[in-house]
Amino acid sequence: MHIGCHVSIARRLPAGRQGIQNAPKNGHDLGCEVIQIFTRAPQGGKAPILTDEICEKFKVQSSKFKIKEVYIHTPYYINFASANNRIRYGSVSVVRDELERGNLLGAKYVMTHLGTAKELGQKEAIKKTIEMLKKSLDGYGGTTKLILENSAGAGEIIGDDLKELKVIIDGVNSPAIAGICLDTQHSFASGYDWRDFEKTLEKVDLDIGIENIKLIHANDSQTECGSNKDRHEHIGAGKIGLDAFKNIVAFAKEHNIDMLLETEHPGVEDDIRLLKELRDKK
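When you read off a place in the sequence shown, starting at 1, and then add 1387, the result is the number in this note's numbering.
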């Protein structure tokens, strides 16, 4: 298993660090073995064109800086369960486009949140999410696969209960969905207490199946278990704690699941170093 973090490609970075083509070096400089990126502004706007030159440079840089895998996060505004057709079908279009862009860049997975059940109610929202995901994947044959990320649960967000993600994956029933990205902080905030590791792992296995965990977002939590608040903290500095992360890293290593940090910069370098030490400990 490999360890890395979310890497910025934003225009606010110094010259020479901006743009997708520079993400592998940016990640390497932080100590990454794998990286996560946005391929477009996460809050909205037109996606930058991925030219052949940009894609080739990205792949060359990934090889040069020994980046083992690339993961793409969809924008934050995805909502398959919106009552607004424009938002739903816009989400369908963006997720499909991100998969196609992932293919161009050689990404392993595109991960996405699913939206909120607030407008339609839980039962109808799940049904609509399955319908919209099927539309996103209709006719898709690329090598980059989609994974669904669990949520912290604030505002009736879909996927705080891993059983919901299992229902959606089974309902879509597509080889283009590989499984889930398990966020440790989101799961902790929605009631999965990693401090009681064995019991929680049993619950996770029952709710989603260990085999469906394809990636882990490794984030400690600023808030207590069951808070339903999305508040990341540096590893060992939050409510989950270092002892729990020793077990989480050992689990990821045993099952060869990559881990990505989404903690604040600066400071993420120390988190990467710490997770590597836990992984490599005899």
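Every residue gets a Cβ at the ideal spot worked out from N, C-alpha and C, and that includes glycine.
Predicted model, so just to flag it, every value in this text is computed and none were measured.
- For the pair N1606 and G1596, the Cα-to-Cα distance works out to about 21 Å.
- Secondary structure at T1530: coil, using DSSP grouped into helix, strand and coil.
- Secondary structure within the segment 1447 to 1502: the beta strand (DSSP E) runs of 3 or more consecutive residues, fully enclosed, are 1456 to 1460 and 1496 to 1499 (chain order).
- Counting the other Cβ atoms within 10 Å of the Cβ of E1536 gives 16 or more, which makes it buried.
- Excluding the 5 residues flanking it on each side, A1631 has same chain C-beta neighbours closer than 7 Å at W1581, R1582 and F1584, in chain order.
- Under the three-state reduction of DSSP, S1538 is assigned to coil, being neither helix nor strand.
- The beta carbon of Q1572 sits closer than 6 Å to the beta carbons of N1606, S1608 and H1619 from its chain, once the five residues preceding and following it are set aside; these are given in chain order.
- The residues I1534, N1599 and K1601, in chain order, have a CB closer than 6 Å to that of G1566 in the same chain once the five nearest residues on each side in sequence are set aside.
- Taking C-beta atoms under 8 Å as the contact rule, S1577 and D1547 qualify, at a distance of about 4 Å.
- In the assembly as shown, E1651 is an exposed residue. Its beta-carbon has fewer than 16 other beta-carbons within 10 Å.
- Where D1570 is concerned, the enclosing beta strand (DSSP E) starts and stops at I1564 to D1570.
- The Cβ neighbour count for E1485, taken over all protein chains shown within 10 Å, is at least 16; the residue is labelled buried.
- Counted as a single uninterrupted DSSP element, the stretch harbouring K1514 is not any beta strand (DSSP E) but the alpha helix (DSSP H) occupying residues Q1509 to L1524.
- In the three-state scheme derived from DSSP, where H, G and I count as helix and E and B as strand, E1443 is classed as helix.
- Distances from the CA of D1525 to each of Y1463, I1454, I1635 and E1487 were compared; the closest alpha carbon is that of E1487.
- Taking the Cα of I1424 as reference, the smallest distance to any Cα among L1647, R1660, K1668 and D1657 is reached at L1647.
- The segment 1406 to 1423 and the segment 1446 to 1465 touch, with no fewer than 3 CB-CB distances between them shorter than 8 Å.
- Residues P1429 and Q1430 of the same chain have their beta carbon placed closer than 7 Å to that of Y1463, with the five preceding and five following residues left out of the count.
- Beta-bridge pairing by DSSP links L1552 to no other residue.
- In this structure, the CA atom of G1540 is about 27 Å from the CA atom of V1457.
- Sorting L1569, I1622 and K1514 by C-alpha distance to the C-alpha of I1555 places K1514 at the top.
- Beta-bridge analysis with DSSP links Q1423 to H1393 and Y1458.
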